[in-house]
Amino acid sequence: MFYKPGENSVRVSHELCHWLISPPCLPLRDTFLLQNPLQEMLFHLVVMLLQMGSGCGGLPFYNGFYYDRVMNDKGDGNRGVQFNGVKLMVETSSDTIFAHRGANVTLPCHYHFAPQLNSPHQIRVKWSKLQQDNTKDRDVLAAAGPTQRSFGEFRGRAQLQQASPHEVSLVIDDLRLQDAGKYRCEVIDGLEDESGTVDLELQGVVFPYQPHQGRYMLNFHEAKKTCEEQDAVIASFDQLFASWMEGLDWCNAGWLVDGTVQYPITLPREPCGGKNMAPGIRSYGERHKKLNRFDVFCFSSALKGIVYYLTHQEKFTLEEAKQACQDDQAEIAKVGQLYSAWKFLRLDRCDAGWLADGSVRYPIVSPRPNCGPPEPGIRNFGFPKAGKFGVYCYKMS
């Protein structure tokens with residue numbers, strides 16, 4: 001039922017009406033009638049706010065930072081900013097930056113004005129990390145003049161590099177697994193801001209993971225936690241794709257960091273999407289993060305220590321294996337650490353050993369008889385409930 005205009009109806013100019021509400025109002029010559037009480041209340045509220053703002057300077061422009069008009073404006077007496085045809089340009093690297101865990105990395109970012117300005121401008125800089133799981137972007141660093149501040153997990157590890165007058169590159173120290181991804185460099189000059197993005201990839205290894213409960217037992221949140229428990233993070237699509245290009249073939253679907261469920265196939269076969277399908281990444285698409293359950297693909301990078309098979313006359317139960325590593329001033333290795341040692345340190349040992357999650361595995365770089373399949377990889381004995389084996393330990397360098 002429409003609201004019928006009466007003596008208390010509000011007449012609004014055409015321009016303001018279009019600005020307030022879409023679809024707008026009922027036409028009435030050069031004015032409009034608001035259709036319902038909600039629109040009328042909205043109009044009165046906006047008018048009140050406009051009247052309040054007319055008697056004061058108003059709040060400064062905000063785009064990640066409070067804007068100081070005195071700093072950058074021409075000061076022509078008007079409240080608006082005078083644009084004189086000068087454009088702010090931001091340049092970042094179009095090539096992916098590669099690094100490894102524990103390294104220091106510089107993400108390049110430069111800016112300039114076109115045409116070039118003779119007088120220096122006070123700019124502000126904001127670096128943020130774009131999230132692949134559609135959550136809010138993560139603040140990394142903000143800077144204004146000589147003052148800069150890093151945030152969250154980047155606190156104390158991120159700083160601005162300004163080796164040249166127009167450089168605002170980001171330096172991140174002691175890279176962590178979670179640091180891989182896309183970063184945005186935003187430069188703010190008064191009311192104008194421009195940005196560019198930089199991709200940071202860590203050199204690492206992707207591995208599929210099933211918990212001891214069995215196949216397809218993890219929702220998305222459990223999958224992320226499971227990878228972290230194995231000194232890894234949940235893999236991205238780009239990381240899975242790179243591993244597929246290197247030959248990864250796995251016929252169990254697993255979670256990725258963007259909330260999709262996929263699996264890599266290099267040898268098409270009937271149970272894995274069909275033998276007539278081309279090799280590639282099979283996708284289940286985006287799934288419900290709480291209700292749906294699958295395996296997970298984890299990603300790990302270079303280690304800050306070493307993984308080794310503990311030479312001992314005796315074999316161990318799981319608890320004995322943990323204690324044996326502690327007695328050797330080490331700790332029992334995690335699955336991600338074993339994969340990293342196999343990938344980067346070329347750990348090759350044809351002896352099955354306990355890992356921290358209760359599984360028994362061993363790494364093979366050079367396949368040979370009595371050491372599993374003809375391809376390199378991590379051999380997996382599953383999660384034995386009984387029996388004695390060797391143990392793989394991890395020791396910080």
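Counting with UniProt numbering, you get residues 1 to 397 for the letters of the sequence shown.
Every residue, glycine too, gets a C-beta built ideally from N, C-alpha and C.
Checklist entry - At what residues does the beta strand (DSSP E) containing Cys393 begin and finish? => result Counting from 1 along the sequence shown, the entry for residue 393 is found at position 393. Residues Gly390 to Met396.
Next on the checklist: Measuring straight from C-alpha to C-alpha, what distance separates His221 and Ser283?
Outcome noted: Indexing the sequence shown from 1 puts residue 221 at position 221. Indexing the sequence shown from 1 puts residue 283 at position 283. One C-alpha to the other measures close to 19 Å.
Checklist entry - From Glu270 to Glu375, what does the alpha carbon distance come to, in whole angstroms? => result One-based indexing of the sequence shown puts residue 270 at position 270. One-based indexing of the sequence shown puts residue 375 at position 375. In a straight line, the C-alpha of Glu270 is about 22 Å away from that of Glu375.
Item to check | Which residues DSSP lists as bridging Asn380, in chain order | outcome: For the purposes of this step, residue 380 is taken as the residue at position 380 of the sequence shown. Answer is Arg361.
Checklist entry - Opposite Thr197 in the DSSP bridges: which residues? => result For the purposes of this step, residue 197 is taken as the residue at position 197 of the sequence shown. Paired residue(s): Arg184.
Checklist entry - From this set, Lys334, Cys272 and Arg184, which residue's C-alpha is nearest Trp127's C-alpha? => result Numbered from 1 along the sequence shown, position 127 holds the residue referred to as residue 127. The shortest C-alpha separation from Trp127 is found at Arg184.
Next on the checklist: Let's test the definition: count the other Cβ atoms within 10 Å of the Cβ of Val187 and tell me whether it reaches 16, buried, or not, exposed.
Outcome noted: Residue mapping note: residue 187 aligns to position 187 of the sequence shown, counting from 1. Counting Cβ neighbours within 10 Å, Val187 comes out buried, since at least 16 surround it.
Checklist entry - What is the DSSP secondary structure of Thr226, reduced to helix, strand or coil? => result Working through the sequence shown from its first residue, we reach residue 226 at position 226. It is helical.
Item to check | Of the residues Asp189, Val105 and Ala330, the one placed nearest Gly305, counting alpha carbons only | outcome: By 1-based counting over the sequence shown, the position of residue 305 is 305. Cα-wise, what sits closest to Gly305 is Ala330.
Next on the checklist: If the criterion is Cβ atoms closer than 8 Å, does the pair Trp342 and Val296 meet it?
Outcome noted: Looking up residue 342 in the sequence shown gives position 342. Looking up residue 296 in the sequence shown gives position 296. Not in contact: Trp342 and Val296 (Cβ atoms no closer than 8 Å).
Item to check | Cutoff 7 Å; reference Arg138; Cβ partners in own chain excluding five residues on either side | outcome: As a working mapping, residue 138 is identified with position 138 in the sequence shown. Closer than 7 Å at the Cβ level, and outside the excluded window around Arg138, lie Ser128, Lys129, Gln131 and Gly152.
Checklist entry - If we ignore side chains and look at the alpha-carbon of each, how far apart do Asp231 and Leu117 end up? => result For the purposes of this step, residue 231 is taken as residue 231 along the sequence shown, with counting starting at 1. For the purposes of this step, residue 117 is taken as residue 117 along the sequence shown, with counting starting at 1. Cα-Cα distance, rounded: 50 Å.
Next on the checklist: Rounding to the nearest angstrom, what Cα-Cα distance links Gln303 and Gly102 in this structure?
Outcome noted: By 1-based counting over the sequence shown, the position of residue 303 is 303. By 1-based counting over the sequence shown, the position of residue 102 is 102. As written in the sequence, residue 303 is Leu, which differs from the Gln given in the question. Approximately 8 Å between the Cα atoms of the pair.
Next on the checklist: Counting beta carbon pairs with one atom in the stretch 313-327 and one in the stretch 245-252, are three or more of them shorter than 8 Å?
Outcome noted: no
Next on the checklist: In this structure, how does DSSP classify Val335 when only helix, strand and coil are distinguished?
Outcome noted: For the purposes of this step, residue 335 is identified with residue 335 of the sequence shown, where counting begins at 1. Correct three-state label for Val335: helix.
Checklist entry - Hey, Leu338 and Ile378 are a contact pair by Cβ (cut 8 Å); roughly how many whole angstroms apart? => result Along the sequence shown, read from residue 1 onward, the residue named residue 338 stands at position 338. Along the sequence shown, read from residue 1 onward, the residue named residue 378 stands at position 378. Leu338 to Ile378, Cβ: 6 Å. Contact.
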